[in-house]
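Peer 1:
In our numbering, the protein residues as written are 163 to 401.
#1: By Cβ distance, which residues of its chain are closer than 7 Å to residue 378, with the 5 residues on each side in sequence left out?
#2: Report buried or exposed for residue 278, applying the criterion of at least 16 other Cβ atoms within 10 angstroms of its Cβ.
#3: Answer yes or no: do residue 252 and residue 240 have a C-beta to C-beta separation smaller than 7 Å?
#4: Pull up the CB-CB distance for residue 289 and residue 226, whole angstroms please, since I reckon it's below 8 Å.
#5: Determine the contact status of residue 271 and residue 236, defining contact as a CB-CB distance below 7 Å.
#6: Taking all protein chains shown into account, do 16 or more other C-beta atoms lie within 10 angstroms of the C-beta of residue 125, making it buried, or fewer, making it exposed?
#7: Rounded to whole angstroms, what's the CA-CA distance from residue 353 to residue 336? Just pull it up for me.
#8: Can you grab the Cα-Cα spacing for the pair residue 273 / residue 249, in whole Å?
#9: Could you pull out every residue in the same chain whose Cβ sits closer than 6 Å to the Cβ of residue 318, ignoring the five residues on either side in sequence?
#10: I need the boundaries of the beta strand (DSSP E) containing residue 293, first residue and last residue.
#11: Buried or exposed, going by whether 16 or more other CB atoms sit within 10 Å of the CB of residue 294?
#12: Below 8 Å on the Cβ atoms is my contact criterion, and I expect residue 224 with residue 266 to pass it. Report the Cβ-Cβ distance as a whole number of Å.
#13: Residues in its own chain within less than 8 Å of residue 229 by CB, not counting five upstream and five downstream?
#14: Check residue 330 in the structure and name its three-state DSSP category.
#15: Entirely within the region 222 to 280 and at least 3 residues each: give me those beta strand (DSSP E) ranges in chain order.
#16: Just verifying my parser: in three-state terms, what is the DSSP assignment at residue 288?
#17: By DSSP's criteria, residue 282 is part of a beta bridge. Which residues make up the other side?
#18: Taking DSSP as the reference, what is the three-state secondary structure of residue 186?
#19: In angstroms with no decimal places, state the Cα-to-Cα distance between residue 245 and residue 322.
#20: Can you tell me whether residue 377 is helix, strand or coil according to DSSP?
In structure tokens form, the structure reads like this:
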């Protein structure tokens, strides 16, 4: 009984001592109890604001522009297009397999098939020229078609020019033939008209002159033939 009474007295003394200390601290700082209770969720330091990192380009904004080899290493040429800033030009990347930039990593490059596998936002994606090619606003026409069309147009124009020249020459020849025929017929008509207007004596005199001219021409031709024959005979004799 004595031991139990002593223990009870010791516990009571300890409680009284602690309560006295707490009362003294409360008197020194009356707001300490409010701070401990934190009734209004008040803290000494505000929580740090989360860091906002720039949003990486979305998958639909990555376009494949080409595959080429430089210094023995194949590289993929990509275009990063910001859909929110369409007025700004795209950003271009040239990366080899294993290289990473702006959140884009090249996993594999298949030049024969024209496919490039990339890792973006932790996900794999396959790019191809057919589905993800970078489309420009201006498309060039193939040279072969332009050459063939130009050659066809030049040949057709040359053919038309030749046909026009031939038709013009034909018309000129026909007009010249008509003029000659018309001149001969007009001269004949004039001669007949003159003969009709002449008197009988004048007409006979003109006819006689014409006969003499034709007879003289015939004699001259016969003489020339004889001279040629005589010359030939003399040459044969000399031989």
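Where is the CB? At the ideal position from N, CA and C, for every residue including glycine.
Peer 2: Inspection of the coordinates gives the following:
#1: none
#2: A residue is called buried once 16 or more other Cβ atoms fall within 10 Å of its Cβ, and residue 278 is buried on that count.
#3: no
#4: 4 Å
#5: yes
#6: Only positions 163 to 401 of the chain appear in the structure, and residue 125 is not among them; the question remains open.
#7: 26 Å
#8: 32 Å
#9: none
#10: It is not in any beta strand (DSSP E) - residue 293 instead sits in the alpha helix (DSSP H) that spans 291 to 294.
#11: buried
#12: With a contact defined as Cβ atoms closer than 8 Å, residue 224 and residue 266 qualify at about 7 Å.
#13: 236, 237, 238, 239, 271, 273, 276, 278
#14: helix
#15: Runs found: 224 to 232, 235 to 242, 253 to 258, 266 to 272.
#16: strand
#17: DSSP output for residue 282 lists 266, 285 as bridge partner(s).
#18: Residue placement at residue 186 cannot be trusted, given a pLDDT of 48 that sits under 50; what the coordinates show is reported in the next sentence. Residue 186: helix per DSSP, three-state reduction.
#19: 55 Å
#20: helix
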